[in-house]
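In full-length UniProt numbering, the protein residues as written are 1 to 356. Please read the structure below before turning to the comments.
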Amino acid sequence: MALGLPNITIIFKGLAASAIERSERGIVACIVKDDTEGGQRLSVYESILDIDFEHMTEANYGYLKLLFEGGPVRVIVLRESAESPNLAAALKELMYLRWNYLCYPDISDEDKTTLAAWIKEMRDKNHKTFKAVLAASASDHEGIINLTTDGIESSITGKTHTAKEYCARIAGVLAGLSLSRSSTYYVLGDVLKAECPSDPDERINKGEFILVFDGEKYKVGRGVNSLTTFTKEKTEDVRKIKIVEGMDLYQDDIRNTFTDSYVGKYVNDYDNKQLFVAAVRAYQAGLAGEVLDASYDNTASVDAQAQKQYLQERGQDVSQMTETEILTANTGAKVFIASHVKFVDAMEDLQMTVNM
1 MALGLPNITI
11 IFKGLAASAI
21 ERSERGIVAC
31 IVKDDTEGGQ
41 RLSVYESILD
51 IDFEHMTEAN
61 YGYLKLLFEG
71 GPVRVIVLRE
81 SAESPNLAAA
91 LKELMYLRWN
101 YLCYPDISDE
111 DKTTLAAWIK
121 EMRDKNHKTF
131 KAVLAASASD
141 HEGIINLTTD
151 GIESSITGKT
161 HTAKEYCARI
171 AGVLAGLSLS
181 RSSTYYVLGD
191 VLKAECPSDP
201 DERINKGEFI
211 LVFDGEKYKV
221 GRGVNSLTTF
231 TKEKTEDVRK
241 IKIVEGMDLY
251 QDDIRNTFTD
261 SYVGKYVNDY
271 DNKQLFVAAV
281 RAYQAGLAGE
291 VLDASYDNTA
301 SVDAQAQKQY
311 LQERGQDVSQ
321 MTETEILTAN
331 TGAKVFIASH
341 VKFVDAMEDL
351 QMTVNM
């Protein structure tokens with residue numbers, strides 16, 4: 001009798017049950033330029049009350065106040081020299097830490113381009129789930145949120161901020177939001193004034209994250225990232241921040257569980273692969289409703305096509321092999337799993353006809 005992977009199934013069920021709670025406990029990494037004496041290179045804070053404001057400039061303390069207003073569970077603050085900031089060194093440190101959103105309220109235009117390229121590389125090549133909130137950065141990528149509203153007066157700091165500075169507030173909001181809702185029409189109660197665009201629909205379609213005023217309050221126009229070019233792999237749904245959050249949570253949970261609880265601990269045979277697939281399916285079932293579309297046939301299976309390619313690349317003739325033989329073939333240390341899921345969006349658009 002195969003004993004299989006009992007703990008992995010339990011872990012996956014626990015992750016599914018806590019997905020919504022965990023989604024509102026995001027981590028923000030914030031790079032600041034600060035030469036104040038006594039300040040640490042890297043600090044981790046769980047509350048604005050944890051910060052010794054005497055070892056930080058007033059401006060940077062204000063950025064962190066904006067950030068914590070959104071409710072992130074943790075903020076990683078990385079200090080760079082105000083005179084000679086080294087973004088490459090900062091990103092090298094951040095690469096090995098766990099966080100969800102990055103902001104850099106005093107970033108230069110040159111470093112902004114570098115940072116956007118780095119986020120793209122981390123997501124596309126390294127499969128990290130990092131995202132950044134940047135101002136005026138039409139990056140055409142799901143990992144970059146492009147805030148373009150300027151002249152934002154906030155009651156949190158009592159100051160008027162540029163879009164670049166207010167990225168701290170948006171990063172905190174996105175990290176603190178649950179997957180049970182999107183950031184669309186999220187009310188920014190601190191905003192007293194803002195230079196809202198007169199063409200919001202056009203801006204949103206260009207991948208801009210904007211603020212709008214409804215006559216009473218300022219709020220997020222639409223929870224979109226900067227993605228504007230759509231492909232078979234990156235459909236129009238991927239421009240929604242909530243969809244990407246769900247995708248990232250899903251990817252992180254499966255990868256981390258596989259790495260922590262499977263790698264090196266079980267023989268890589270067909271039975272154990274199928275047990276791992278069963279655990280993933282149980283996880284998918286637990287996500288149905290808030291994260292995955294419950295009406296869709298969300299499933300996972302051993303990837304026959306990938307296994308076939310693996311065997312061919314190693315010189316094995318697969319032309320006469322049945323699908324069962326391909327699925328049960330020895331793939332060394334490699335595990336090929338195909339996952340087919342549909343992520344659910346929040347209710348945002350209403351079209352209604354009233355008959356009198």
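Cβ atoms here follow ideal geometry from the backbone N, Cα and C, with glycine treated the same way.
Rounded distance between the beta-carbons of residue j and residue i, thought under 8 Å
i	j	result
Ile145	Val73	19 Å between Cβ atoms; not a contact.
Ser137	Ala117	Not confirmed; about 11 Å, so no contact.
Leu147	Tyr166	7 Å
Lys159	Gly264	Not quite, the Cβ-Cβ distance comes to about 53 Å (not below 8 Å), so this is no contact.
Neighbourhood of residue i by C-beta distance below 6 Å, restricted to the same chain and skipping five residues each side
i	result
Ala306	Phe336
Asn256	none
Gly4	Because Gly4 carries a pLDDT of 48, less than 50, the predicted location of this residue cannot be relied on, and no value is offered for it.
Lys217	Val187
Arg25	Val73
Glu323	Ala304
Leu211	Thr149, Ala194, Cys196, Tyr218
Asp248	Thr129
Phe213	Cys196
Phe230	Glu236
Pro85	Lys33
7 Å CB neighbourhood of residue i in its chain, flanking five on each side removed
i	result
Val238	Glu142, Leu227, Val244
Lys112	Leu134, Ser137
residue 428	Limits of the chain in this structure are 1 at one end and 356 at the other, which puts residue 428 out of reach.
Asp190	Glu69, Ser154, Ser155, Ile156
Thr235	none
Glu208	Asn146, Thr148
Same chain, Cβ closer than 8 Å to residue i, neighbours up to 5 away in sequence not counted
i	result
Met1	Note that Met1 has pLDDT 39, beneath the 50 cutoff, so the model's placement of it is unreliable and the number below is only indicative. No residues qualify anywhere along the chain.
Ala163	Ala135, Ala136, Leu147, Thr148, Thr149, Asp150, Ile152
Thr157	Gly62, Lys65, Leu66
Val344	Gly246, Gly289, Glu290, Val291, Leu292, Asp293, Ala294
Cys30	Tyr63, Leu64, Leu67, Val75, Ile76, Val77, Leu78, Leu102, Cys103, Tyr104, Pro105, Ala168, Ala171
Glu93	Leu42, Leu78
Beta-carbon gap between residue i and residue j smaller than 8 Å
i	j	result
Leu133	Tyr101	As written in the sequence, residue 133 is Val, which differs from the Leu given in the question. Cβ atoms of Val133 and Tyr101: closer than 8 Å.
Cys103	Ala59	no
Val291	Leu188	no
Thr259	Arg281	no
Leu66	Ser154	yes
Tyr296	Lys342	yes
Asp106	Lys219	no
Gly38	His55	yes
Tyr310	Thr331	yes
Tyr284	Thr129	First, the residue type needs correcting, since residue 284 is Gln and not Tyr in the sequence shown. No. Outside cutoff.
Ala82	Asp35	yes
Thr114	Leu87	yes
Residues that DSSP places opposite residue i in a beta bridge
i	result
Val318	According to DSSP, Val318 bridges with nothing at all.
Leu78	Ile31, Leu42
Phe209	Leu147
Lys193	Glu153
Ile337	Val302
His161	Ile152
Cys167	Per DSSP, none; premise fails for Cys167.
Ala282	DSSP output for Ala282 lists no bridge partner at all.
Leu102	Ala29, Ala132
Val220	Leu211
Val187	Lys219
Leu177	Looking at the DSSP assignment, Leu177 forms no beta bridge with any residue, so it has no partner.
Phe343	Leu292
Lys240	Val224
task: Would you be able to state if there are at least three C-beta pairs under 8 Å between the segment 172-182 and the segment 196-204?
output: By the criterion of at least three beta-carbon pairs nearer than 8 Å, the segment 196-204 is not in contact with the segment 172-182.
- prompt: Contact between the segment 41-56 and the segment 76-88: three or more CB pairs below 8 Å?
  reply: At 8 Å Cβ cutoff, the stretches touch.
field: Stretch-stretch touch, CB-based, cutoff 8 Å, three pairs: the segment 325-339 with the segment 294-310
entry: The segment 325-339 vs the segment 294-310: in contact.
message: Check whether the segment 265-285 and the segment 327-335 touch, using three or more Cβ-Cβ pairs below 8 Å as the test.
response: Yes: at least three Cβ pairs fall under 8 Å.
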